[in-house]
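**Q**
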Amino acid sequence: MPTTTAAEQRADAKAQYNAYLAACPSQQLLARVSGKWVTLVLSALGSGPECDGDPRPMRYSELGRVLAGVSPKMLSQTLKSLERDGLVVRTATATVPVTVTYELTDLGLSLHGTVRQLKRWSEAHRDEVAAHQASFDSVR
224 MPTTTAAEQR
234 ADAKAQYNAY
244 LAACPSQQLL
254 ARVSGKWVTL
264 VLSALGSGPE
274 CDGDPRPMRY
284 SELGRVLAGV
294 SPKMLSQTLK
304 SLERDGLVVR
314 TATATVPVTV
324 TYELTDLGLS
334 LHGTVRQLKR
344 WSEAHRDEVA
354 AHQASFDSVR
């Protein structure tokens, strides 16, 4: 029986990730990145109010204006979790007052397009889903 290194064992385990299994670490990550505010922050970050531009750094206050309805506490928590996950980088510039910007990392950019598409889909099909919900509820 051939001996495998720890790195080879990790690579084999990674190749066998299956998000449908409860113990799979990718399921936990999927749950984290599919949260309401995470999805909206990733979609909006760097794209401005229209959320269709190219990603660019944004200040906290700008993100707060774009994401109407997010509380300052929730925005801060979401940005911290995205920074911890390596999807966003926070940059503080020594000015008076200190200027803080948030920008997608390469890892965040790899997810940015997907969540923007999800946002566009939900906007395009909102009325259709609402009609199905009303139809379903009227039968029950």
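Numbering (my numbering), first residue to last: 224 to 363.
Each residue gets a CB set at the ideal place from its N, CA and C atoms; glycine is no exception.
1) Does the stretch 335-355 touch the stretch 316-324, meaning 3 or more C-beta pairs lie closer than 8 Å?
2) Determine the contact status of Met281 and Tyr325, defining contact as a CB-CB distance below 9 Å.
3) Could you compute how far the alpha carbon of Ala291 sits from the alpha carbon of Pro248?
4) Once DSSP output is grouped into helix, strand and coil, what is the label at Tyr325?
5) Output yes if chain D places a C-beta closer than 9 Å to the C-beta of Arg349; else output no.
6) Could you check the C-alpha separation between Ser257 and Leu263 for me, to the nearest Å?
7) According to DSSP, is Thr314 part of a helix, a strand, or is it coil?
8) Given a cut-off of 9 Å on the beta-carbon distance, is the pair Leu298 and Gly331 in contact?
**A** Looking at the atomic coordinates:
1) The stretch 316-324 makes no contact with the stretch 335-355; the number of CB pairs closer than 8 Å stays below 3.
2) yes
3) Their Cα atoms are separated by approximately 32 Å.
4) strand
5) The displayed structure is made up of one protein chain only, and chain D is not part of it.
6) 9 Å
7) strand
8) no
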